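Q: If you're matching positions, the sequence shown starts at 1 in the UniProt record's numbering and goes up one per residue.
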Amino acid sequence: MEKRVAFNKEIALRVFKILDSMWRSKSGIFRDVVLPQDLWVPSGWEHLNHCEKANFLFYAALPMRGGQISEDPFKWLCALWTKFPGLFNPKTVAETLSPKYIEECFKTVTSEILENGGIGKLGGGSLGYKMEQHAKHWHENSTILNTWWGADIRNVFWGIPEFEEAFRRIDHKRTKIGFKGMRRKIFSLLIIWLQEKELIPAFPTPIPVDFHAMRILWQNEIIDMRGWAQKFEPKKEKHSQELKGKTAVRIWETIPNQIAIWSQKFLEKNQISHMVINPALWVLSRTLCAEHLQTSSLKTGHEFFTPEKLKANPGLWTRNRKNPCEFCPIEKFCKWCIPANPYYTDGWLIRIKRISYPTPRLLGIDWIELGPTHKIRKDKNRGAIKS
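1. Would Leu199 and Arg168 qualify as a contact pair, given that the criterion is a beta-carbon distance under 8 Å?
2. Is there contact here, the segment 133-142 with the segment 79-86, by at least three beta-carbon pairs under 8 Å?
3. Could you work out which residue in Cys78, Leu349 and Ile223 is closest to Asn8 when comparing CA atoms only?
4. In the DSSP assignment, find the unbroken beta strand (DSSP E) run with residue 393 in it and report its ends.
5. Quick check on this structure: which residue in Arg4, Cys105 and Ala151 has the alpha carbon closest to the alpha carbon of His134?
6. I want to know whether the segment 212-228 touches the segment 246-261 - three or more CB-CB distances under 8 Å.
7. Classify residue 463 as buried or exposed, calling it buried when 16 or more other Cβ atoms lie within 10 Å of its own Cβ.
8. Terminal residues of the continuous alpha helix (DSSP H) containing Val283?
9. Smallest Cα separation from Ser285: which of Cys78, Ile18, Ala340 and Thr175?
10. Any chance you could list the alpha helix (DSSP H) runs of at least 4 consecutive residues sitting entirely within the segment 129-180, in chain order?
11. Check each candidate in Leu288, Thr295, Ser296 and Lys246 and name the one with the smallest Cα separation from Phe30.
12. Look at the alpha carbon of Trp262 and the alpha carbon of Glu165, and state the distance between them as a whole number of angstroms.
13. Just the Cα atoms here: how many angstroms apart are Asp72 and Thr295?
14. I believe Ala260 touches Ser188 by the beta-carbon criterion, under 8 Å. Please report the beta-carbon distance rounded to the nearest angstrom.
15. What residues in its chain sit with their C-beta under 7 Å from that of Thr82, if we drop five residues either side in the sequence?
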């Protein structure tokens, strides 16, 4: 019998309604948020036609995989656009360029961004994740887009009433003319960007189920993955022994696929927009959950702040440590903390019981994320509080 993710629809509806209201009003943690796709746009964006804008977003979706920080690919893509604009024309790529040339363009732009520092063996540093494969896929996908879709990604959605039909058209596991490296998560992200820019019609679409979405959904017990859950057994030299016995799930494609399909149906039934819930989940995880002491780690993921350790040694709560939970609009539903390191290094979601911070915040103090997703920024502090 196939394992199935279970869903707590009552909690899901309450959480999503709160996030929907706060996102639309741009209040609380969502005040002054600027998403990466709006912060980093190609030079001359306002002068591009709809086809050029849509194709740029198609290429922008392809690097959004692995442990990439979303701002990095957008910054990189804008630099690539400025130096090699022909790479974003499917016809030009398919008919005149080679994968090797594309890879060299990638390396050139990456080196300039990093100012020749932190360059990995492919010349990419942190942006060099499978660069050779990415260049090959860039060429193959451009050829498919040029040959079968008139060099315009919008044609994929012609006459489409919903997500699954569109996905069948481009899923390389079901068709020889599918796009490489574009699974449900990436494709739903692309659709949301295109719909936000009003480049294709709005139709029901799943949330892109990445680490951030799964973190929020599991921490708040909206999803139940007990069919896959196990007591974590750390491997010597690879995992922290502090995580031994914690509830863990190794993430395979089946799990995010089930969550994605459920999310589309649930949001449509309850008339909540995927274009709201997707960024709301992402911002919450990136801004608040990432700042929690229990989601952080030391010694490259080999030392964590478990409840046992914090209760035994309260001094680990540093005096200036912010309590992100008190600024979270759905804090009352949250039972767990999920650190990012085990997921991005080995594909594990591991949850740790969330415990309360020892000191409350001062009344009248608001949280402001001073990072690339917010308009208000300071160089010295990634996160701060402001009265």
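Beta carbons are placed, not taken as given, at the ideal position from N, Cα and C, and that holds for glycine. Computed from a predicted structure; not experimentally measured.
A: If we stick to the structure as given:
1. no
2. no
3. Ile223
4. Limits of the chain in this structure are 1 at one end and 387 at the other, which puts residue 393 out of reach.
5. Cys105
6. yes
7. A query on residue 463 cannot be resolved here, the shown segment of the chain reaching from 1 to 387 and no further.
8. His274 to Thr287
9. Ala340
10. 131-148 and 163-170
11. Leu288
12. 16 Å
13. 22 Å
14. 7 Å
15. Ser43
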